[in-house]
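End of the sequence shown sits at 358 in our numbering; the numbers just go up one at a time, nothing left out.
Note that the Cβ used here is the ideal one computed from N, Cα and C, for glycine as well.
Keep in mind the model is a prediction, meaning the values are calculated, not measured.
Take a look at the structure below.
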Amino acid sequence: MKLLHAADLHLDSPFRGLSAQQALVRRGELRDIPARLVQLARAEQVDLVLLPGDLFDSQRLTPQGLAALKDALDAMSVPVCIAPGNHDYYHSDSPYAGEWPDNVHIFTTQELTEVSLPVLNCVVHGCAFTAPHRESSPLDGFTAPQDGKLHLLCVHGELAPSGRYAPITLQNLADVQAHYVALGHIHFNSGLRQEGSTYWAYPGCPEGRGFDELGRKGALVVELAHGQASAQFHPLCHRQYRIERVSPAQLPQAMEGWPGEDLVRILLTGESEHAPDLAALTASAAQRFFYAEVRDETTLPQALWAREDEDSLTGLFLREMRRRLHNASPEEQSTLLLATRFGLSALEGGEDIRP
Ligand SMILES: [Mn+2]
């Protein structure tokens, strides 16, 4: 038996860090993810689709977002199980309470319930968030019957000893003795894991939405046979978020190697006597990528700091700046570093270094 496991689409996310135009493009791309899931389900000829929650970002799902999801699930033409999460929790006014294609089963209670799929000799157990938080583990006290059927779980929750998002422990996962637990909530692909006899995974979100969701995002195709599981990660994202650390001198060449469709945060590193021209570097990066931002994390050359021992105005200045830097918060440090650079230029060259 082969199943498709995807979660955390967060349809209709606002993409707040982007311009209005960029955010519009990204919301459109996100809305295209359900169709990409259909393509994957067909190409892999899966028997079942498990979607453990956070399929939409808030209770204000747009009509277009809802249509994209419903149309795709209808087109799956295999059973689909949805376990609503903390963002798309189930309640009487939720989009989940409306009409859905016949092949879709939505879990609606906090307690685990089951849906039987005799053709697949399989039972799917699942539950729902019915509010934005839930502090109990949905798996507590549950053990899958050992009755020759495939027992799968479809559940949204965090992997933690306690917390506000249906905390699940490794012990919980071992105790359920299921063939596979399809989890949602964590936005990174965990890869296929095993605890006791239970296989489990988080597929991560299929499309990154910020610099805390880096790299290639997608879904898992899981194959279950003879009590064993194997999983294959399939990228589905339109673009990647990437954070790149590079020296100002290496930046032009390094940029050549990064795809133009990506969203890039460039952290300038290394030693540099003068402050990098952030405005110019940002402008050139913004031309090259869908989105780019540049941050200066360069430090003053050690050789310059060595001059703080000098019995001179420069030495006095460096000693004072060193003292201030030592006590500064990370945000103040970059300002102080800039001040040190300006001060040194003024003291040494009399040059006007204002950008
Ligand atoms: Mn969640």
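Judged by pairs of C-beta atoms under 8 Å, the region 10 to 26 touches the region 54 to 66, as three or more such pairs exist. Collapsing the DSSP output to three states places ALA38 in a helix. Counted as a single uninterrupted DSSP element, the beta strand (DSSP E) harbouring LYS5 occupies residues 5 to 8. If you draw a straight line from the Cα of ALA309 to the Cα of GLN336, it comes to about 19 Å.
One residue list follows from the rule of a beta carbon closer than 5 Å to any heavy atom of ligand 1, given in chain order as ASP57, GLY88, ASN89, HIS188.
Three or more beta-carbon pairs separated by less than 8 Å link the region 147 to 160 to the region 75 to 91, which places the two stretches in contact. Contact between the region 200 to 219 and the region 229 to 248 is present: 3 or more CB-CB pairs across the two stretches fall below 8 Å. Rounded to the nearest angstrom, the Cβ distance from GLU117 to VAL107 is 16 Å, too far for a contact under 8 Å. Fully contained in the region 169 to 198 are the following alpha helix (DSSP H) runs of length 4 or more, in chain order: 173 to 179. If you look at GLN231, you'll find it in the beta strand (DSSP E) that goes 231 to 238. If you ignore the 5 residues before and after ASP11, its C-beta comes within less than 6 Å of the C-beta of ASP57, GLY187, HIS190, CYS208, all in its own chain and listed in chain order.
In this structure GLY263 touches PHE292 by the C-beta definition: roughly 6 Å separates them, less than 8 Å.
Judged by DSSP in its simplified three-state form, SER119 adopts strand.
Distance from the Cα of LEU21 is smallest, within the candidate group ARG326, ALA295, ARG325, for ALA295. Taking C-beta atoms under 8 Å as the contact rule, VAL225 and HIS90 fail to qualify, at a distance of about 24 Å.
In the three-state DSSP reduction, TRP203 falls in the strand class (E or B). Here ARG248 is exposed: its Cβ has fewer than 16 other Cβ atoms, across all protein chains shown, within 10 Å. The shortest CA-to-CA distance from ASP105 to any of PHE132, GLU216, GLN149, ALA75 is the one to ALA75.
Distances from the CA of LYS5 to each of TYR93, GLY31, CYS125, TYR99 were compared; the closest alpha carbon is that of CYS125. Excluding the 5 residues flanking it on each side, THR302 has same chain C-beta neighbours closer than 6 Å at GLU274, in chain order. For CYS84, the beta-bridge partners assigned by DSSP are LEU53, HIS108. For ARG167, the closest C-alpha among the options HIS182, GLU47, HIS136 is that of HIS136. Burial state of VAL122 is exposed, judged by a 10 Å Cβ sphere holding fewer than 16 other Cβ atoms.
DSSP lists LEU120, LEU153 as the beta-bridge partner residues of CYS125.
By the C-beta criterion, the region 92 to 103 is judged to be in contact with the region 129 to 143, since at least 3 inter-stretch pairs fall below 8 Å.
Taking C-beta atoms as the reference points, LEU142 and ILE171 count as a pair closer than 8 Å.
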